[in-house]
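Data first, discussion second: the structure below is written as structure tokens.
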């Protein structure tokens, strides 16, 4: 921002015919001062917390450092090698990926199906919208605690299943190493389903009724109309939903941390819980920083790849949009 | 998000009749699945532990007010709520204020490096606080801002800037230049234009970003968990989780605590529903 174009252009412009805009007699110094005033604080805050903290994490990641005193024991890439070789971290990555795949394979069809069913005129639509959105507004901490209580052995969920004769389904929801990840997935579905439904209902507003009517008049069945006309038009919403959902799955932390701390025996650990567990709780700040950097890189790589290959035509550059 | 205009011609479309009961069935399913856990928490707070143990899914019988009364009478609970409010309001004001100023500069000034600065901010979208909390914690420690509500608010505001600027900039860029010209003719400076004309016109977008920032901060757990060690500094989400682990045998009190912690967010939501839902959908669509 050190250079302001107007300043350099002034002598040449003075000979030109007046521009469309009324020429302001502001000095370049003034414009520059305004820009500094307007952009400075935001840039400073953003740089300090976002850029500096990321750069610092990168720096710390090359040290073995318990957080006391400045980091001094340089270990190169040893932290990264150690993390990628640790079965718990490998498991954490796998759990994040399973979560992401499950949301696309299970939550997405469920959400779209419910949104399609709910689309249209209905009594109490506003109330429905309000209720469906509620879990999204509650914090993950509240969600986690509420479900933690309900999922206790012999708790509300177990009793609910028994009362409808499904005793066979009663499990150690959070203590069974093979089940805990799926239990957490169900809880996260509860929290985010309504958000998705609202998103798709909004997307469906953009599908003209005439198109569906035309398809029906041409003899398309309701199923054909849905799969051949409506779903393709929902493409942008679906792609955005997948993006949010995968990024959310990769960053999964609070539900897991509060409900299981990543346990039992690391069976529900995620990359983010691993960062906090190793870095913060065990005072391995260099190692934790390295894992945090891996987490950045994974999210960043996914976001860039997705932006490049899937979102390109939709957002036409949320990241590159130009304004004139 | 209003209902379609009534142009349905159901008679011609076989299978459409089926859609109506299906629609209500789906609605019932969504409402039920959503509300049952919430009702369990709220009603459970009105029961005793003995009642909860004997019949986890039953209704309160008799209704007990003690759990709620104890928590409402605890000064710590109110303290945490105050902390949450202070941090959320500060973070919201900072994000919106600084974001609006930066968005204005990026939308209405021409200068070299403008797109670069905008790209820098929007790249911040890829680094939410959730993945950066350990580095941010270390930074706050370096700055001597551990245990400080202001430190948490600053960090949340910083990470809130990208989405704020990405929403506000196109909105501000879309305000016609003629308006600015007319204001300039009337002797309004560019900063005056921001304050007197741009901000009032951008109100819908500002409300949206404010709601996003407030909700994000109010519900935040990870960074406060790292930064606050002293219980009297806790925010409400931290309080809920800590209460659960401290009194894990006292289920009825946990449920009452959780229910009371839901109330502010629910109240805020009912109050600002249109903005929240519209804002989410809008923010998501970019």
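Chains as they are written, first to last, in this note's numbering: chain A, 768 to 1091; chain B, 96 to 381. Yeah, the Cβ is synthetic: ideal placement off N, Cα and C, and Gly gets one too. What you are looking at is a predicted structure, and each value in this text was computed from that prediction instead of being measured.
Check, Outcome
"Kindly list, in the order they appear in chain B, the residues whose Cβ is closer than 8 Å to that of residue 926/A.", "150, 151 and 152"
"Run down chain B in chain order and give the residues with a C-beta less than 9 Å from the C-beta of residue 876/A.", "By Cβ distance, chain B contributes nothing, its closest Cβ being about 14 Å from residue 876/A, past 9 Å."
"Taking the alpha carbon of residue 809/A as the point to measure from, which residue in 317/B, 260/B, 346/B and 159/B has its own alpha carbon closest?", "260/B"
"Short of 9 Å Cβ to Cβ, which residues in the segment 910-924 of chain A face chain B?", "910, 911, 912, 913, 914, 915, 916, 917, 919, 921, 922, 923 and 924"
"Do you know whose CA, among 866/A, 1021/A, 860/A and 896/A, lies nearest residue 949/A's CA?", "866/A"
"Take the Cβ of residue 1010/A as the centre, count every other Cβ of all protein chains shown within 10 Å, and call the residue buried at 16 or more, exposed below.", "buried"
"Please list the partners that residue 1020/A has in chain B, where partner means a Cβ-to-Cβ separation under 7 Å.", "225 and 317"
"DSSP on residue 242/B, reduced to helix/strand/coil?", "coil"
"Measuring CA to CA, which of 344/B, 314/B and 345/B is closest to residue 333/B?", "314/B"
"Residues of chain B with CB closer than 8 Å to the CB of residue 907/A, please, in chain order.", "314, 316 and 332"
"If residue 1045/A sits next to residue 1030/A, beta carbons under 8 Å apart, how far is it from one beta carbon to the other, in whole angstroms?", "Residue 1045/A to residue 1030/A, Cβ: 14 Å. No contact."
"Where residue 180/B and residue 251/B are concerned, what is the direct C-alpha to C-alpha distance, given to the nearest angstrom?", "13 Å"
"If you draw a straight line from the alpha carbon of residue 954/A to that of residue 219/B, how long is it in whole angstroms?", "29 Å"
"Rounded to the nearest angstrom, what separates residue 346/B and residue 289/B at their Cα positions?", "53 Å"
"So for residue 1096/A, helix, strand or coil by DSSP?", "Residue coverage of chain A in this structure runs from 768 to 1091, which leaves residue 1096/A outside it and unanswerable."
"May I ask you to report which of helix, strand or coil DSSP gives residue 884/A?", "helix"
"For the pair the segment 951-970 of chain A and the segment 987-1006 of chain A, tell me if three or more CB-CB distances fall below 8 Å.", "yes"
"Using a Cβ cut-off of 7 Å (strictly closer), state whether residue 867/A contacts chain B.", "no"
"Do residue 844/A and residue 838/A have their C-beta atoms closer together than 7 Å?", "no"
"Alpha carbons only, please: which of 300/B, 258/B and 330/B is nearest the one belonging to residue 171/B?", "330/B"
"Where in the segment 246-284 of chain B do unbroken runs of the alpha helix (DSSP H), each at least 4 residues long, occur, reported from the N-terminal end onward?", "272-280"
"With DSSP collapsed to three states, give me the class of residue 160/B.", "coil"
"How many angstroms separate the CA atom of residue 150/B from the CA atom of residue 853/A?", "44 Å"
"Residues in the segment 1041-1057 of chain A with C-beta within 9 Å of chain B's C-beta atoms, listed in sequence order?", "1042, 1043, 1046, 1047, 1052, 1055 and 1056"
"Is the beta carbon of residue 159/B sitting closer than 7 Å to the one on residue 185/B?", "no"
"If you run the structure through DSSP and keep just helix, strand and coil, what is residue 998/A?", "helix"
"Going by alpha carbons, who is nearest to residue 959/A out of 1013/A, 1036/A, 802/A and 803/A?", "1013/A"
"Could you give the distance in angstroms between the alpha-carbon of residue 992/A and the alpha-carbon of residue 1006/A?", "20 Å"
"Assuming residue 918/A contacts residue 924/A under a Cβ cut-off of 8 Å, what Cβ separation, rounded to an integer in Å, is found between them?", "5 Å"
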